[in-house]
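Counting with UniProt numbering, you get residues 1 to 285 for the letters of the sequence shown. For each residue, glycine too, the CB sits at the ideal point set by N, CA and C. Presented below is the structure to which this report refers.
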Amino acid sequence: MTNRDEQPLRTDPAEYAAAEFELQSTGQADYGNCVPSRLMRVLFILCGVLLLVFALLLIVWAHASALIVVGLLCALVIAFTVYMELCRRLFAFDGGGLMGAMHQMVVDNLDWDGRGRLLDIGCGAAALTARCAMTFPDGEFTGIDDWGATRSRAKEQCEANARAEGITAPTSFVEGDAAHLDFPDGSFDAAVSNFVFHEVRSEPDKRALVREALRVVRPGGAFSFQDLFAQPRLYGDMTAFVQELRAEGVSDIEYIPHTENLVGAPSWVRTPWMIRNAGILHGHR
Numbered sequence: 001m002t003n004r005d006e007q008p009l010r011t012d013p014a015e016y017a018a019a020e021f022e023l024q025s026t027g028q029a030d031y032g033n034c035v036p037s038r039l040m041r042v043l044f045i046l047c048g049v050l051l052l053v054f055a056l057l058l059i060v061w062a063h064a065s066a067l068i069v070v071g072l073l074c075a076l077v078i079a080f081t082v083y084m085e086l087c088r089r090l091f092a093f094d095g096g097g098l099m100g101a102m103h104q105m106v107v108d109n110l111d112w113d114g115r116g117r118l119l120d121i122g123c124g125a126a127a128l129t130a131r132c133a134m135t136f137p138d139g140e141f142t143g144i145d146d147w148g149a150t151r152s153r154a155k156e157q158c159e160a161n162a163r164a165e166g167i168t169a170p171t172s173f174v175e176g177d178a179a180h181l182d183f184p185d186g187s188f189d190a191a192v193s194n195f196v197f198h199e200v201r202s203e204p205d206k207r208a209l210v211r212e213a214l215r216v217v218r219p220g221g222a223f224s225f226q227d228l229f230a231q232p233r234l235y236g237d238m239t240a241f242v243q244e245l246r247a248e249g250v251s252d253i254e255y256i257p258h259t260e261n262l263v264g265a266p267s268w269v270r271t272p273w274m275i276r277n278a279g280i281l282h283g284h285r
């Protein structure tokens, strides 16, 4: 990483909690949220419907058993909705900033001099791409994602976010599948990815996705991938996997488990359905 001696890796959760991340400093970039707004709309509507049903039962048909069942269901849905809203606010780039902190973990563990080409695999709305471009202004950046039916709108959003952040480095965004990256071997000097591999449906073998990501990094190039690596059902024994990659020619690789703890994520968000069992694979190809 550029100026690593002057900017040592953060190792204390308090350092991440107190860090002033510059992303969205203009207030104009829109990176969305890993808790989708459409999900919250559905939950709020469901809460309203259940409350209405409960009120109607109470007025029209005060049957004890029905009131208990609907009341319990209503309480559960409201509690879950409140929980998800708190998660959404915690993850928000312009709110709690937890996802920004997770992105910074990826960048902090990318040992790259910032010269050459970087690929962001699963770039989404370009939040991590933008962070890399702001950290390494002399590089050239490509974000790739499988946006599906929203391809045109999603690409325009990525480009708009790059402009909003004032990024001047060459930056481009293309549609593609992380399981089959449409680039020759060794096309990039660096590669990053954040919580993408476990979401790729076209490849059930998540280890194969890591190998595909490494394929497009040149020998000696840097990489930093964050995913749910500590989930055995997805990746198996990570110690054994790291040894396999070394045997396959990855010159330098390190695994950091449970990165959610390193950024000081509260216990109520370190759950199997949120960010529990995160980890980073980083090093040089």
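GLY139 and ARG163 - do their beta-carbons sit closer together than 8 Å? Here residue 163 refers to the residue found at position 163 of the sequence shown. Here residue 139 refers to the residue found at position 139 of the sequence shown. No, they are not a contact pair.
Where does ARG201 land, buried or exposed, given buried means 16+ other C-beta within 10 angstroms? Taking the first residue of the sequence shown as 1, we reach residue 201 at position 201. By the 10 Å Cβ count, ARG201 comes out exposed.
Taking 7 Å as the limit between beta carbons, can you name the residues of its chain near GLU203, skipping five residues before and five after? Position 203 of the sequence shown, counted from the first residue, corresponds to residue 203. Cβ within range, chain order: ALA179 and LEU209.
Using a 10 Å radius around the Cβ and a threshold of 16 neighbouring Cβ atoms, would you call VAL216 buried or exposed? Translated into positions along the sequence shown, residue 216 becomes position 216. Classification for VAL216: buried.
Three-way DSSP call (helix, strand, coil) for HIS180 in this model: Along the sequence shown, read from residue 1 onward, the residue named residue 180 stands at position 180. HIS180 falls in the strand class under three-state DSSP.
Between the Cα of ALA222 and those of ILE253, VAL196, VAL250 and ALA190, spot the shortest distance and give me the residue it belongs to. By 1-based counting over the sequence shown, the position of residue 222 is 222. That would be ALA190, whose Cα lies nearest to the Cα of ALA222.
ILE280 and SER224 look like a contact to me (Cβ under 8 Å); what is the Cβ gap, rounded to whole Å? As a working note, residue 280 is residue 280 in the sequence shown. As a working note, residue 224 is residue 224 in the sequence shown. Contact holds; Cβ gap of about 6 Å.
Under a Cβ-count criterion, where at least 16 other Cβ atoms within 10 Å of its own Cβ denotes burial, should LEU262 be classed as buried or exposed? Taking the sequence shown and counting its residues from 1, one reaches residue 262 at position 262. Buried is the call here.
Sequence-distant residues of the same chain with beta carbon closer than 6 Å to GLU199, five excluded per side: Start at 1 with the first residue of the sequence shown, and residue 199 comes out as number 199. Counting only Cβ-Cβ distances below 6 Å, and skipping sequence neighbours, we find nothing.
Best match in CYS132, ALA75, ILE59 and TYR31 for proximity to LEU43 [C-alpha to C-alpha]: Numbered from its first residue, the sequence shown carries residue 43 at position 43. Here the closest residue by C-alpha is ALA75.
Excluding sequence positions up to five away, which residues of its chain have a Cβ less than 6 Å from the Cβ of PRO219? For the purposes of this step, residue 219 is taken as residue 219 along the sequence shown, with counting starting at 1. The answer, listed in chain order, is ARG285.
Over the uninterrupted alpha helix (DSSP H) stretch that includes ILE59, give me the two end residues. Reading the sequence shown from its first residue, position 59 is the one you call residue 59. Looking at the DSSP string, the run of the alpha helix (DSSP H) that includes ILE59 is 37 to 60.
Leaving out five residues on either side along the sequence, give the residues of the same chain with a beta carbon under 6 Å from the beta carbon of THR135. Residue numbering aside, residue 135 sits at position 135 when the sequence shown is read from its first letter. The residues are VAL107.
Find the nearest neighbour of ALA154 within the set ALA278, TYR31 and LEU214, judged by alpha-carbon distance. Your numbering for residue 154 matches position 154 in the sequence shown. Residue TYR31 holds the alpha-carbon nearest to the alpha-carbon of ALA154 among ALA278, TYR31 and LEU214.
Keeping to the same chain, check which residues put their C-beta closer than 7 Å to that of LEU90; ignore five residues upstream and five downstream. As a first step, residue 90 is located in the sequence shown; it is residue number 90 there, counting from the start. Only GLY96, LEU98 and VAL269 meet the Cβ criterion.
By a C-beta neighbour count over all protein chains shown, 10 Å radius and 16 as the cutoff for buried, is SER267 buried or exposed? Looking up residue 267 in the sequence shown gives position 267. Exposed.
Measure the Cβ-Cβ separation of GLY283 and ASP252 and say whether it is below 8 Å. If you number the sequence shown from 1, residue 283 lands on position 283. If you number the sequence shown from 1, residue 252 lands on position 252. Yes, the pair counts as a contact, with Cβ atoms nearer than the cut-off.
Of the listed residues ASP145, LEU58, GLY122 and ARG207, nearest to ALA240 (C-alpha basis): Within the sequence shown, residue 240 is the residue found at index 240, counting from 1. Nearest option by C-alpha distance: ARG207.
Cutoff 8 Å; reference PRO232; Cβ partners in own chain excluding five residues on either side: For this step, residue 232 is matched to residue 232 along the sequence shown. So the list is empty, once near-sequence residues are dropped.
Between which two residues does the alpha helix (DSSP H) holding GLY71 run? Here residue 71 corresponds to residue number 71 of the sequence shown, with the count starting at 1. 64 to 91 is the span of the alpha helix (DSSP H), which, as asked, contains GLY71.
ARG117 versus ALA160: straight-line alpha-carbon distance, rounded: On the sequence shown, residue 117 is found 117 positions in, with the first residue counted as 1. On the sequence shown, residue 160 is found 160 positions in, with the first residue counted as 1. Spanning the two alpha carbons is a distance of roughly 21 Å.
Write down the C-beta distance between HIS103 and ALA127 rounded to the nearest angstrom, noting that I regard them as a contact closer than 8 Å. As a first step, residue 103 is located in the sequence shown; it is residue number 103 there, counting from the start. As a first step, residue 127 is located in the sequence shown; it is residue number 127 there, counting from the start. 6 Å between Cβ atoms; contact.
For ALA230 versus ASN277, is the C-beta spacing smaller than 8 Å? Your numbering for residue 230 matches position 230 in the sequence shown. Your numbering for residue 277 matches position 277 in the sequence shown. Yes, Cβ-Cβ distance for ALA230 and ASN277 is below 8 Å.
Give the range of the beta strand (DSSP E) segment to which LEU118 is assigned. As a position in the sequence shown, residue 118 is number 118, starting the count at 1. Residues 117 to 121.
Relative to the alpha-carbon of VAL70, which residue among VAL60, LEU51 and ILE45 has its alpha-carbon at the smallest distance? Here residue 70 refers to the residue found at position 70 of the sequence shown. The residue from VAL60, LEU51 and ILE45 with its alpha-carbon nearest to that of VAL70 is LEU51.
Would you identify the three-state DSSP class for ASN31, choosing helix, strand or coil? For the purposes of this step, residue 31 is taken as the residue at position 31 of the sequence shown. Before going further, note that residue 31 is Tyr rather than Asn in the sequence given. Coil.
Can you tell me the Cβ-Cβ gap for ALA29 and GLU165, rounded? I've got them flagged as a contact below 8 Å. Within the sequence shown, residue 29 is the residue found at index 29, counting from 1. Within the sequence shown, residue 165 is the residue found at index 165, counting from 1. Right, the Cβ-Cβ distance comes to about 6 Å (below 8 Å), so this counts as a contact.
Within the continuous alpha helix (DSSP H) that includes GLU244, where are the two ends? For the purposes of this step, residue 244 is taken as the residue at position 244 of the sequence shown. Counting along the chain, the alpha helix (DSSP H) containing GLU244 begins and ends at 238 to 247.
Assign LEU110 to buried or exposed, taking buried as 16 or more other Cβ atoms, counted over all protein chains shown, within 10 Å of its Cβ. If you number the sequence shown from 1, residue 110 lands on position 110. Flag for LEU110 reads buried.
With H, G and I counted as helix, E and B as strand and the rest as coil, what does DSSP make of GLU260? The count along the sequence shown starts at 1 and reaches residue 260 at position 260. Helix, per DSSP.
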